[in-house]
Amino acid sequence: MNNNNRQRRSSPNSIARKWVRFVFWIAIGVAIPFAYFNILPYTQAVRFLLGKSADTGFSQLISILPVIGWIANSIGAGIHWIIGALVWGLLQLVELFPIILKYDHKFMGSVIRDAESATKFEIREDDPPTLQALKRWYNKFPYVTFERALIYAAIAYLIDFCISFFTYTPIKGNLFDFGFIILSGQFDQLDWSNLASLVTTMFVIEVIVVILLWLDRITYYMKIAHSNTAQYRDR
């Protein structure tokens, strides 16, 4: 009888945890096709660069060789996908790094404690320029990891934007024309479909990762709450 009552009492908690786990895997499933969608601009960029740099005479010589030619043709057919996926994955990791660090509470706590307790050197006007630079570096050293992560992420977003722009061009023109149209408010000249694809390519994975990290924190606190509740009931 007691076991049945415990199962009934714990069933709402179990349903909530299963629901969070279900949403977690749904988010992962949604991320897969979006990842494929996001890799497309990079595969096209790699294909363009390889096409520009390929030595056609050497390629034809390799292609007529019996075994090596078949292997080279097989690899060449998908090499732009491999390189494009690797470049996209590297940029995504750099873009996501600040987000991952912010969700690591122990890391953030260590950085904050170190920043508050570390010795700060006063930068004097009569200090040599090299000494001033060393003092600035030392004073911000505890949080330089996160600061650099933000800088590198901004650079990665800029590269991501440039690559995606030439695949999903929102205007008839170049980047300067795009900037002029945005600043002058001529929004009727924008290709909204391509603009939506451009924004999706740049930010959808980050949104999904934030959702996954949020669900992970919910799961973490659910486990703590349920374990504390179980200990209280056993008393």
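Residue numbering for the sequence shown follows numbering that gives the first Met the number 0, starting at 0 and increasing by one per position.
Every residue gets a Cβ at the ideal spot worked out from N, C-alpha and C, and that includes glycine.
Alpha-carbon spacing of residue i relative to residue j, whole angstroms
i      : j      : result
Gly83  : Ala34  : 12 Å
Ala132 : Glu124 : 12 Å
Ile38  : Gly108 : 35 Å
Lys222 : Tyr41  : 41 Å
Ser183 : Asn138 : 43 Å
Ile14  : Phe36  : 34 Å
Ser10  : Val29  : A caution first: Ser10 carries a pLDDT of 49, below 50, which makes its placement in the model unreliable, though a value can still be read off. Taking the straight line from one Cα to the other gives about 28 Å.
Minimum C-alpha distance to residue i - residue among the options
i      : options                           : result
Phe120 : Phe160, Trp136, Phe202 and Lys222 : Trp136
Thr118 : Phe36, Phe140 and Ile223          : Phe140
Trp213 : Gly88, Lys101 and Phe175          : Lys101
Asn193 : Tyr151, Val86, Ser163 and Phe175  : Ser163
Phe186 : Ile170, Val143, Trp80 and Ala152  : Ile170
Phe165 : Thr144, Tyr151 and Asp190         : Asp190
Leu48  : Ile25, Ile27 and His79            : His79
Val198 : Ile111, Thr168 and Tyr220         : Thr168
Buried/exposed call for residue i, threshold 16 Cβ in 10 Å
i      : result
Thr129 : exposed
Glu115 : exposed
Ile154 : exposed
Thr144 : exposed
Trp24  : exposed
Enclosing alpha helix (DSSP H) for residue i [first to last residue]
i      : result
Glu115 : His104 to Ser116
Tyr156 : Val143 to Thr166
Leu130 : Pro128 to Asn138
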